[in-house]
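Enquirer: Shown below is the structure under consideration.
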Amino acid sequence: MKSLLIFICLFANCQLAYAEIEIGKELDITYYQVSGKNIEELRQSVKENGPSMATGKKLWAKAAWEIVTEYHFKTLESGCLISVSSMKVVADVSLPQWRDVDSLSTKTKEWWQEFSEFMYQHENLHVDNVINEAKALKQAITKQQPLPSCELARNKYFFLKREYLAEINFNDVKIDRAAMQRFNSNERLFEPLKASGGLVIESGGMRSIISL
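The working numbering puts the first residue of the sequence shown at 8, with every later residue one more than the last.
Below, the structure is given as structure tokens:
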């Protein structure tokens with residue numbers, strides 16, 4: 008968690024106004040190496056080399072994120088409010104890279120390209136969801152009126168942030184449900200995975216995963 012920059016404006020002529028804040032995005036994509044002569048060997052390589060949860064669950068892909076906000080207090084004659092100095096979404100995405108893919112059959116290479124794109128697009132949907140809700144959070148903060156104390160203003164900020172984190176989680180569940188509906192369909196892309204053990208897609212705790 009990044010530290011928050013906090014200071015207090017003590018002058019009576021501080022204005023009840025907000026600078027226009029753009030929502031930044033820092034997306035780091037890390038590729039871990041996997042290998043194999045076929046899809047079953049690939050799955051085994053993911054079990055050996057892929058990222059894992061604290062529970063030991065092995066993952067195809069993972070996205071972890073945070074909304075980092077820098078804010079300060081403004082004290083006015085009418086009370087205290089929080090003004091956002093900057094807000095950005097920081098996200099880390101882990102994806103597999105099949106290092107010996109050139110030696111595979113054309114059919115397997117085409118499958119891998121499509122499945123890799125599926126994982127990439129899925130995790131980016133989650134990151135975009137966070138960005139959209141961060142924008143809504145920023146707008147909600149700018150609509151706040153001064154409160155009797157800066158402690159109350161700070162508490163209000165954290166209340167709003169919890170609300171929008173809950174909204175992110177709600178949307179993440181819908182994204183995952185749509186992905187699982189696609190997986191459970193008759194789409195040819197997922198046939199090799201169904202035959203070799205299936206797929207788990209879930210979110211929570213500021214992260215999204217696709218696991219074995």
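Glycine is no exception: its CB is placed at the ideal position from the N, C-alpha and C atoms.
(1) So, is S101 buried or exposed, given that buried needs 16 or more other C-beta atoms within 10 angstroms?
(2) At 3 residues or longer, and completely inside the stretch 41-92: list those beta strand (DSSP E) runs for me, N to C.
(3) By DSSP, does L17 sit in helix, in strand, or in coil?
(4) Let me know if Q22 comes out buried or exposed under the rule of 16 or more other beta-carbons within 10 Å of its beta-carbon.
(5) To the nearest angstrom, how far is the alpha carbon of L49 from that of Q104?
(6) Which of helix, strand or coil does DSSP assign to R106?
(7) Which same chain residues end up closer than 8 Å to I30 when comparing Cβ atoms and leaving out the 5 residues on each side of it in sequence?
(8) Just list the residues that DSSP pairs L34 with in beta bridges.
(9) Quick check on the burial criterion: 16 or more other C-beta atoms within 10 angstroms. Buried or exposed for V180?
(10) Only counting the same chain, and skipping five residues up and downstream in sequence, which positions put a Cβ closer than 6 Å to that of L206?
(11) Name the DSSP bridge partner or partners of S218?
(12) Would you identify the three-state DSSP class for L23, choosing helix, strand or coil?
(13) Thinking C-alpha only, which one of D109, E174, T115 and Y38 is nearest N45?
(14) Give the range of the alpha helix (DSSP H) segment to which F166 is assigned.
(15) So, are the CB atoms of E77 and S92 less than 8 Å apart?
(16) Assuming S215 and A70 form a contact by the criterion Cβ under 8 Å, report the distance between their Cβ atoms to the nearest whole angstrom.
(17) Using alpha carbons as the reference points, say which of L34, S42, R195 and Q188 lies closest to L111.
Expert: On the basis of the coordinates in this document:
(1) The residue labelled residue 101 in the question sits at position 94 within the sequence shown. Flag for S101 reads buried.
(2) Listed in chain order, the complete beta strand (DSSP E) runs (minimum 3 residues) inside the stretch 41-92 are 66-83.
(3) In the sequence shown, counting from the first residue as 1, residue 17 sits at position 10. In this predicted model, L17 has a pLDDT of only 32, less than 50, meaning its place in the structure is not dependable; the value taken from the coordinates is given anyway. The answer is coil: DSSP assigns L17 none of H, G, I, E or B.
(4) Residue mapping note: residue 22 aligns to position 15 of the sequence shown, counting from 1. Here the model assigns Q22 a pLDDT of 34, short of 50, so the residue's position is not dependable, and the following value carries that caveat. With fewer than 16 other Cβ atoms from the protein chains shown falling within 10 Å of its own Cβ, Q22 counts as exposed.
(5) Position 42 of the sequence shown, counting from 1, holds the residue named residue 49. Position 97 of the sequence shown, counting from 1, holds the residue named residue 104. Going from the Cα of L49 to the Cα of Q104 covers about 10 Å.
(6) One-based indexing of the sequence shown puts residue 106 at position 99. DSSP places R106 in coil when its eight states are reduced to three.
(7) Here the question's residue 30 lines up with position 23 in the sequence shown. Cβ within range, chain order: M94, K95, V96, I138, A141, K142 and K145.
(8) The residue given as residue 34 occupies position 27 in the sequence shown. L34 pairs with A98.
(9) In the sequence shown, residue 180 corresponds to position 173, counting from 1. Label assigned to V180: exposed.
(10) For the purposes of this step, residue 206 is taken as the residue at position 199 of the sequence shown. Answer for L206: F190 and L200, listed in chain order.
(11) In the sequence shown, counting from the first residue as 1, residue 218 sits at position 211. In DSSP, S218 forms a bridge with L66 and V207.
(12) For this step, residue 23 is matched to residue 16 along the sequence shown. In this prediction, L23 has a pLDDT of 33, which is less than 50 and means its spatial position is unreliable; what the coordinates show is noted afterwards. If DSSP states are grouped into helix, strand and coil, L23 belongs with coil.
(13) Within the sequence shown, numbered from 1, the residue matching residue 45 stands at position 38. The option with the nearest alpha carbon to N45 is T115.
(14) Taking the sequence shown and counting its residues from 1, one reaches residue 166 at position 159. Start and end: C157 to F190.
(15) Your numbering for residue 77 matches position 70 in the sequence shown. Your numbering for residue 92 matches position 85 in the sequence shown. Yes. Within cutoff.
(16) Locating residue 215 in the sequence shown gives position 208, counting from the first residue. Locating residue 70 in the sequence shown gives position 63, counting from the first residue. The Cβ separation is near 5 Å, so the contact holds.
(17) The count along the sequence shown starts at 1 and reaches residue 111 at position 104. With distances taken between Cα atoms, L111 lies closest to S42.
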